[in-house]
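According to my numbering, the sequence shown is numbered sequentially starting from 48. Report on the following structure.
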Amino acid sequence: MAKVAFLGLGVMGYPMAGHLKAKGHEVTVYNRSPEKAQKWVAQHGGAYAPTPAQAAEGQEIVFACVGNDDDLRSVTTGENGAFAAMGKGTVFVDHTTASANVARELDAAATAAGFGFVDAPVSGGQAGAENGVLTVMCGGDQATYAKVEPVIASFARMCRLMGPAGSGQLTKMVNQICIAGLVQGLSEGVHFAKRAGLDVEAMLEVISKGAAGSWQMENRGKTMNADKFDFGFAVDWMRKDLGIVLDEARNNGARLPVTALVDQFYADVQKLGGGRWDTSSLLKRLEP
48 MAKVAFLGLG
58 VMGYPMAGHL
68 KAKGHEVTVY
78 NRSPEKAQKW
88 VAQHGGAYAP
98 TPAQAAEGQE
108 IVFACVGNDD
118 DLRSVTTGEN
128 GAFAAMGKGT
138 VFVDHTTASA
148 NVARELDAAA
158 TAAGFGFVDA
168 PVSGGQAGAE
178 NGVLTVMCGG
188 DQATYAKVEP
198 VIASFARMCR
208 LMGPAGSGQL
218 TKMVNQICIA
228 GLVQGLSEGV
238 HFAKRAGLDV
248 EAMLEVISKG
258 AAGSWQMENR
268 GKTMNADKFD
278 FGFAVDWMRK
288 DLGIVLDEAR
298 NNGARLPVTA
308 LVDQFYADVQ
318 KLGGGRWDTS
328 SLLKRLEP
């Protein structure tokens, strides 16, 4: 069993840290709002630290799952950041969906200080975090990854090293590109079916067993038809992620016309007041 810290107890981090504790690891938590951390300790046990540095002190592995690049820098290299307290041979694992550039930056800082870094963004949403079945895509060196893979398994059903630092974030970008196109196609299909007078649930049941089937169809088709959009990953978060994707595409020359278009469609959803709706709410801009 490992001695670990977890920084960031949002909708993903809170249950992920809980799985670590349930699997027998010794867990210290930090959250920007201390009330959330204290609630976690009351529910799961473990310990609370008031700063990232204090949480990281003496730990073998420090996990983080925060909002964006700036939040990540704040808890790592900022004032009272975790990096200053980490010992030689320890590992920092970042589950934030962030840029590949910040992953490489933090990997270099960690290497210079004598500890390891793995960028490890996740897919599976809030439900995946709560059920401990996330997919984790990692960047880093093999030896460092090998140290943390068994511990990440506490909340993952799939974990794989994709290449050097930044590769996990690049893989997560591909994940978001694919989701954006799928959800727009599903939204248009449901919209068309309604206008055509089809039984939408029957239609989804039939075509989900063929080549059009997808996780989004199986898990979001019926809720979209029912005008329910309170299932996990929010539009505001998706737009943040797609912004990272489009920035990276500008750097590497990738052409992403559909992704850029769907990003603007999500902007329309935000204008409708749907920033906290889940990503399947693309349907709402077709049927406001």
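Using N, Cα and C, we set each Cβ at its ideal position, and we do this for glycine too.
query                                                                                                                             : result
Cβ-based neighbour list, residue 169, same chain, cut-off 6 Å, excluding 5 preceding and 5 following                              : 142, 181, 183
Segment contact, 8 Å Cβ cut-off, at least three pairs: the stretch 233-249 with the stretch 287-300                               : no
Beta-carbon contacts of residue 227 that lie in its chain and below 6 Å, excluding the five residues immediately before and after : 306, 309
In DSSP terms, what residue 206 is bridged to                                                                                     : 183
Residue 252 - containing alpha helix (DSSP H), residue span                                                                       : 247-254
Euclidean distance between Cα positions of residue 105 and residue 132                                                            : 8 Å
Collapsed DSSP secondary structure at residue 140 in the structure displayed                                                      : strand
Residues near residue 286 in its chain [Cβ-Cβ closer than 6 Å; skip 5 each side]                                                  : 313
In DSSP terms, what residue 77 is bridged to                                                                                      : 54
Simplified DSSP assignment, three categories, for residue 281                                                                     : strand
One or two residues paired with residue 224 in a DSSP bridge                                                                      : In DSSP, residue 224 forms no bridge with anything.
Sheet register partners of residue 34 (DSSP bridge)                                                                               : What the structure shows of the chain is the stretch from 48 to 335, and residue 34 is not part of that stretch, so it cannot be assessed.
Contact under 7 Å by Cβ, residue 198 with residue 165                                                                             : no
CA nearest to the CA of residue 115, picked from 249, 270, 289, 102                                                               : 289
Other residues of its chain near residue 333: CB distance less than 8 Å, five sequence neighbours each side excluded              : 234, 235, 238
Local Cβ density within 10 Å of residue 78, reported as buried at 16 or more and exposed below that                               : buried
Of the listed residues 68, 136, 140, nearest to residue 159 (C-alpha basis)                                                       : 136
Same chain, Cβ closer than 6 Å to residue 109, five either side skipped, listed in chain order                                    : 52, 103, 129, 139
Buried/exposed call for residue 126, threshold 16 Cβ in 10 Å                                                                      : exposed
Straight-line gap, residue 56 to residue 95 (C-alpha atoms, nearest Å)                                                            : 11 Å
Beta-carbon proximity of residue 327 to residue 221, cut-off 7 Å                                                                  : no
Residue 317 to residue 205 span [Cα, whole Å]                                                                                     : 32 Å
Unbroken alpha helix (DSSP H) run spanning residue 312, endpoints                                                                 : 304-318
Residues sharing a beta bridge with residue 110, DSSP                                                                             : 53, 140
Spatial distance of residue 63 from residue 256 (CA atoms)                                                                        : 32 Å
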